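S.K.: Taking the working numbering, the leading residue of the sequence shown gets 1104, the next gets one more, and so forth.
I'd like to ask you about the structure that follows.
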Amino acid sequence: MKIHQLFAGVFAVLAVTLSSCEKSFEDLEKDPNRPVHVPASLVLQGVEADMAGNTGRPFSAEMRWNQFYCSNYNYYANNEYTWTATPNHYNTLKNVVKMEEEAKRAGLADVNGYSALGKFFRAFFIEEMTKRVGDLPVSEALKGIDNTTPKYDTQKAVYIQILNWLDEANANLATLIAQGQTVPGDFYFGGDLRKWQKAVNAYKLRVLVSLSKKETDGDLNIKARFAEMMGNPSKFPLLESLSDNLEFKYNQFNKYPSNPDNFGFDATRQNMAKTYVGLLSSLRDPRVMVTCEPAGAELKAGKLPSDYTAFVGASSAEDLTDMSDKAGRNNGAGFAPGLYSFQNRYRYYRNYTAENTFIVGYPEMCFNIAEAYHRSWASGDGEAWYKKGIQSSLDFYGIKDGANTMTYSKTGGRETADLANYTINFSFDTYYSQAAVKYAGKNATGLEQIISQKYAAFFMNSGMEAYFNWRRTGFPKFESGVGNGNSNRIAVRWQYPISERTTNAKNYNDAINSQYAGKDDINDIVWILK
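Okay, here's the thing in structure tokens:
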């Protein structure tokens, strides 16, 4: 081959190679190792995980704010209500949009399992934010670069949209159920849309009851919406038992927050709270014995572990230095330390699964129905639903009529040698006959009973619903004082995310001015509570 022919061939190869590298910047910035499309079933699992993981896990800060337990060790946590910005669920909502897009991209019909659940997820995560802050971008939100500064809708408009989404989800699910459809990827109900439909409607009852202060608002139409649901069970099926719960189940990989791995880290730094322990011990309620340990100081003083007065919680308002001293006080050999009860070692530190965490549970639904009937939103037997709520919560903890075996740690350890059993005889009829438990009727006492029993059933469940019910009704009484921070007050709202102040400043300022006279303050009251 001649030299000029060889060079010509090389140049031709180089020309082809160079031309193939002439790509646009947009093409070059794409990472070939990061997919831009994934199955809707995979996106669904991320959204479902956020429902349990980002709204208040067991033994989290949210559960301290529910006054179920307290931190007695300031290095790691305190019991103050000095929160700032609300959790921002718009990132999860963007994944909901992506899930719906991927379902359509895969060829599914406009109404499909992912789109139906998408409406529920929109309602759920938007409601999680609006009840914390007030007005919220909704109608112009989630449009990507088409609208990076969405306006804020009033909280009333937001709740109307939430209720509409829930109605649409219920109707869409009914259609899909009739077609025999399922939802691949769903780890809550294994794709069973019948169970999802019940959960959606039970959640709608939560939303309706949360709006009790607006029961006369004609646009929200709370009473009529409730009456329609209870009068048409075929259109609005509800949870029928604990087995229908929308709940997160733990395993060896997704471990219950209190587990053998962190016993040495937090078991003695987290004592129980007076609001929870005091309520149950005053009612001689054995649920306190399942979830809590008797206080070491009370046993040293001669009380038996079967004595309800041996269970003592710390006030969430107590000075943290004092609480720390009392929680760690040495009671001598053979007794757990401290003046306070701690979480039950046997139940919460024996393994990695402990108990399921309700997101929307049957006991709460029963109490919500009882409260609505108590408020005369429709004709119905509120006491019967109240009793169902109590009984189902007792069932969750395995409490039955007759002899019940309870287990506690004698010394505060979790080894078998530290554990001891005792027996509690229980009769639901006897328990219910107590004046403090038996429904007192449509008066203030009756409402307090319903909300207080709902509070007990919320223990380590359902995010901050225990707090939100207290904020709305004042029941049960929460402890307030120096330990709360915030000038000895319990905060009643959150601030907006900092990103709103920097990237959507005009609409943020308009919302703050219209609602709170220009102050984004955690002590102001949101519209649904006025």
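Backbone N, C-alpha and C define an ideal beta-carbon position, used for all residues, glycine too.
Computed from a prediction, not measured in an experiment: that's the story for all the values here.
Quick check on this structure: which residue in Leu1341, Asn1324, Glu1350 has the alpha carbon closest to the alpha carbon of Gly1156?
M.R.: Within the sequence shown, residue 1156 is the residue found at index 53, counting from 1. It is Glu1350.
S.K.: State buried or exposed for Ser1313, treating a residue as buried only when at least 16 other CB atoms are found within 10 Å of its CB.
M.R.: On the sequence shown, position 210 is the one that residue 1313 refers to. Burial call: buried.
S.K.: On the DSSP letters alone, give me the boundaries of the alpha helix (DSSP H) that Glu1350 sits inside.
M.R.: Within the sequence shown, the letter at position 247 stands for residue 1350. That residue, Glu1350, is in no alpha helix (DSSP H); its beta strand (DSSP E) goes 1349 to 1351.
S.K.: On the criterion of 16 or more Cβ atoms from any shown chain inside 10 Å, does Val1141 qualify as buried, or is it exposed?
M.R.: As a position in the sequence shown, residue 1141 is number 38, starting the count at 1. By the neighbour-count rule (16 or more Cβ atoms within 10 Å), Val1141 is not buried but exposed.
S.K.: Based on DSSP bridge pairs, tell me the residues matched to Gly1505.
M.R.: Working through the sequence shown from its first residue, we reach residue 1505 at position 402. Gly1505 pairs with Phe1529.
S.K.: What did DSSP end up calling Thr1548 once you bin it into helix, strand or coil?
M.R.: For this step, residue 1548 is matched to residue 445 along the sequence shown. If DSSP states are grouped into helix, strand and coil, Thr1548 belongs with the helices.
S.K.: Report the option in Pro1253, Val1286, Leu1245, Ile1229 whose CA atom is closest to the CA atom of Ile1263.
M.R.: Taking the first residue of the sequence shown as 1, we reach residue 1263 at position 160. Nearest of Pro1253, Val1286, Leu1245, Ile1229 to Ile1263, Cα basis: Ile1229.
S.K.: Helix or strand or just coil, what does DSSP make of Met1166?
M.R.: Taking the first residue of the sequence shown as position 1, residue 1166 is located at position 63. In the structure shown, Met1166 sits in a helix (DSSP, three-state: H, G or I).
S.K.: With DSSP as the reference, label Met1563 as helix, strand or coil.
M.R.: Position 460 of the sequence shown, counting from 1, holds the residue named residue 1563. Correct three-state label for Met1563: coil.
S.K.: Tell me whether Ala1417 sits in a helix, a strand or coil according to DSSP, three-state version.
M.R.: Looking up residue 1417 in the sequence shown gives position 314. It is a strand residue.
S.K.: If we ignore side chains and look at the alpha-carbon of each, how far apart do Val1139 and Leu1220 end up?
M.R.: The count along the sequence shown starts at 1 and reaches residue 1139 at position 36. The count along the sequence shown starts at 1 and reaches residue 1220 at position 117. Using only the alpha carbons, I get a separation of about 22 Å.
S.K.: With burial defined as no fewer than 16 other Cβ atoms inside 10 Å of the residue's Cβ, what is the status of Lys1622: buried or exposed?
M.R.: In the sequence shown, the residue the question calls residue 1622 occupies position 519. Looking at its Cβ environment, which holds fewer than 16 other Cβ atoms inside 10 Å, Lys1622 is exposed.
S.K.: Around the Cβ of Tyr1179, are there at least 16 other Cβ atoms within 10 angstroms (buried) or fewer (exposed)?
M.R.: Here residue 1179 refers to the residue found at position 76 of the sequence shown. Classification for Tyr1179: exposed.
S.K.: Using a 10 Å radius around the Cβ and a threshold of 16 neighbouring Cβ atoms, would you call Phe1368 buried or exposed?
M.R.: Locating residue 1368 in the sequence shown gives position 265, where the first residue counts as 1. When all chains shown are included, Phe1368 counts as exposed.
S.K.: Could you have a look at Phe1368 and say whether DSSP puts it in helix, strand or coil?
M.R.: Sequence index remark: in the sequence shown, residue 1368 carries index 265 (1-based). Three-state result, Phe1368: helix.
S.K.: Would you call Gln1170 buried or exposed, if buried means 16 or more other Cβ atoms sit within 10 Å of its Cβ?
M.R.: Here residue 1170 refers to the residue found at position 67 when the sequence shown is read from its first residue. With 16 or more Cβ atoms within 10 Å of its Cβ, Gln1170 is classed as buried.
S.K.: Where does the unbroken alpha helix (DSSP H) through Thr1394 begin, and where does it stop?
M.R.: On the sequence shown, residue 1394 is found 291 positions in, with the first residue counted as 1. First-last of the alpha helix (DSSP H) with Thr1394: 1390 to 1394.
S.K.: Any contact between the segment 1409 to 1422 and the segment 1439 to 1458? By contact I mean 3 or more CB pairs, one from each, below 8 Å.
M.R.: Verdict: yes, contact present.
S.K.: Assign Thr1278 to one of two classes, buried (16 or more other C-beta atoms within 10 Å of its C-beta) or exposed (fewer than that).
M.R.: Taking the sequence shown and counting its residues from 1, the one referred to as residue 1278 is at position 175. So Thr1278 counts as exposed.
S.K.: Cα-Cα, which of Gly1381, Ile1248, Asp1388 is closest to Phe1581?
M.R.: Numbered from 1 along the sequence shown, position 478 holds the residue referred to as residue 1581. That would be Gly1381, whose Cα lies nearest to the Cα of Phe1581.
S.K.: Quick check on Val1116: does DSSP put it in helix, strand or coil?
M.R.: Within the sequence shown, numbered from 1, the residue matching residue 1116 stands at position 13. Caution is warranted here: a pLDDT of 45 is assigned to Val1116, below 50, making its placement in the model unreliable, and no coordinate value can be reported.
S.K.: So, helix, strand or coil for Ser1409, using DSSP?
M.R.: Residue mapping note: residue 1409 aligns to position 306 of the sequence shown, counting from 1. Residue state, collapsed to three classes: coil.
S.K.: Any contact between the segment 1190 to 1201 and the segment 1570 to 1586? By contact I mean 3 or more CB pairs, one from each, below 8 Å.
M.R.: In short, these stretches do not touch, since the Cβ pair count stays below three.
S.K.: How many whole angstroms separate the CB atoms of Ile1265 and Ala1226, which I take to be in contact at a CB cut-off of 8 Å?
M.R.: Reading the sequence shown from its first residue, position 162 is the one you call residue 1265. Reading the sequence shown from its first residue, position 123 is the one you call residue 1226. That pair is a contact at about 5 Å.
S.K.: Can you name the start and end residues of the beta strand (DSSP E) that Asn1374 belongs to?
M.R.: Counted from its first residue, the sequence shown places residue 1374 at position 271. Taken as a continuous stretch (DSSP letters only), the beta strand (DSSP E) holding Asn1374 covers 1373 to 1375.
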